[in-house]
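Residue numbers (this note's numbering), protein chains in the order written: chain A, 30 to 144; chain B, 23 to 133.
By construction, the Cβ of each residue, glycine as well, lies at the ideal position given by its N, Cα and C atoms.
A short write-up of the structure that comes next.
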Amino acid sequence: DTTVKQNPRYKLARVGKPVNLICSQTMNHDTMYWYQKKPNQAPKLLLFYYDKILNREADTFEKFQSSRPNNSFCSLYIGSAGLEYSAMYLCASSRDGTHANTEVFFGKGTRLTVV
Amino acid sequence: AQSVTQPDARVTVSEGASLQLRCKYSYSATPYLFWYVQYPRQGLQMLLKYYSGDPVVQGVNGFEAEFSKSDSSFHLRKASVHWSDSAVYFCAVSYAQGLTFGLGTRVSVFP
Numbered sequence: 030d031t032t033v034k035q036n037p038r039y040k041l042a043r044v045g046k047p048v049n050l051i052c053s054q055t056m057n058h059d060t061m062y063w064y065q066k067k068p069n070q071a072p073k074l075l076l077f078y079y080d081k082i083l084n085r086e087a088d089t090f091e092k093f094q095s096s097r098p099n100n101s102f103c104s105l106y107i108g109s110a111g112l113e114y115s116a117m118y119l120c121a122s123s124r125d126g127t128h129a130n131t132e133v134f135f136g137k138g139t140r141l142t143v144v
Numbered sequence: 023a024q025s026v027t028q029p030d031a032r033v034t035v036s037e038g039a040s041l042q043l044r045c046k047y048s049y050s051a052t053p054y055l056f057w058y059v060q061y062p063r064q065g066l067q068m069l070l071k072y073y074s075g076d077p078v079v080q081g082v083n084g085f086e087a088e089f090s091k092s093d094s095s096f097h098l099r100k101a102s103v104h105w106s107d108s109a110v111y112f113c114a115v116s117y118a119q120g121l122t123f124g125l126g127t128r129v130s131v132f133p
């Protein structure tokens with residue numbers, strides 16, 4: 030099974046409220062990623078876990094949190110949602126995140142709408 | 023910093039015609055290049071990748087791409103498209119800790 034599963038597929042959130050998105054994979058991949066995709070923009074890497082080590086991009090450092098309680102699961106947490114967080118959130122995983130030529134597998138995404 | 027440019031936001035093509043999608047990259051080191059496709063209501067799927075060797079690489083569903091170091095390009099081609107090829111195609115460069123994507127090209131195939 031080479032799928033990455035994301036729940037829920039659609040999420041509605043209120044401004045100022047927290048949001049938690051869930052991702053899982055059963056491929057025993059050591060690296061899991063979260064990307065943000067807005068209309069007419071390229072997918073943007075937010076953060077990734079290599080094993081238990083979290084790496085966050087500099088410009089999203091303060092905006093997103095994540096946890097990885099075990100190898101299979103990874104969550105993306107927004108403490109206080111703003112309208113600008115409305116986007117598609119893509120979870121992905123790869124077998125060896127330290128190598129640039131490794132294939133990255135993506136989930137179908139969670140579409141977050143903040144109102 | 024790395025970057026990827028896909029100059030065509032939308033491409034319309036008739037079924038059975040050939041297709042070429044353009045991609046140019048900017049990266050200081052040896053590039054690892056990918057094409058991903060996103061079909062409606064699906065996740066991104068890898069079509070093909072390149073990191074060394076023959077500059078023409080074959081992918082799934084009859085797609086191929088050609089790497090050019092001199093031109094900093096990695097164009098995607100298909101000889102004869104099918105209506106099911108309608109999708110958004112993303113070119114990406116890998117930098118060991120993630121992928122940098124282009125904006126994508128939306129391909130519409132008409133019968």
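Item: Cβ-based neighbour list, residue 122 of chain A, same chain, cut-off 6 Å, excluding 5 preceding and 5 following; Value: 33, 54, 58, 61 and 134
Item: Below-9 Å beta-carbon distance, residue 11 of chain B vs any chain A residue; Value: Outside the modelled stretch of chain B, which goes from 23 to 133, sits residue 11 of chain B, for which no answer is possible.
Item: Alpha-carbon to alpha-carbon, residue 77 of chain B and residue 42 of chain A; Value: 47 Å
Item: Within-9 Å CB hit, residue 31 of chain B to chain A; Value: yes
Item: Where residue 110 of chain A falls, given that 16 or more other Cβ within 10 Å makes a residue buried; Value: buried
Item: Residue 109 of chain B, enclosing beta strand (DSSP E) - first and last residue; Value: 109 to 116
Item: Integer Cβ distance of residue 117 of chain B from residue 98 of chain B, believed to fall under 8 Å; Value: In fact, because the Cβ distance is near 20 Å, the residues do not count as touching under 8 Å.
Item: Inter-residue CB distance, residue 24 of chain A and residue 136 of chain A (contact presumed, cutoff 8 Å); Value: Any question about residue 24 of chain A goes unanswered here, given that chain A covers just 30 to 144.
Item: Which residues DSSP lists as bridging residue 57 of chain B, in chain order; Value: B:70 and B:113
Item: Cutoff 9 Å: residue 81 of chain B Cβ touching any chain A Cβ; Value: no
Item: Bridge-paired residues (DSSP) for residue 142 of chain A; Value: A:41
Item: Cut-off 8 Å between Cβ atoms - residues of its own chain near residue 46 of chain A, not counting five sequence neighbours on either side; Value: 109 and 110
Item: Chain-ordered residues of the segment 122 to 140 of chain A with a beta carbon less than 9 Å from chain B; Value: 126, 127, 128, 129, 130, 131, 132, 133, 134, 135, 136, 137 and 138
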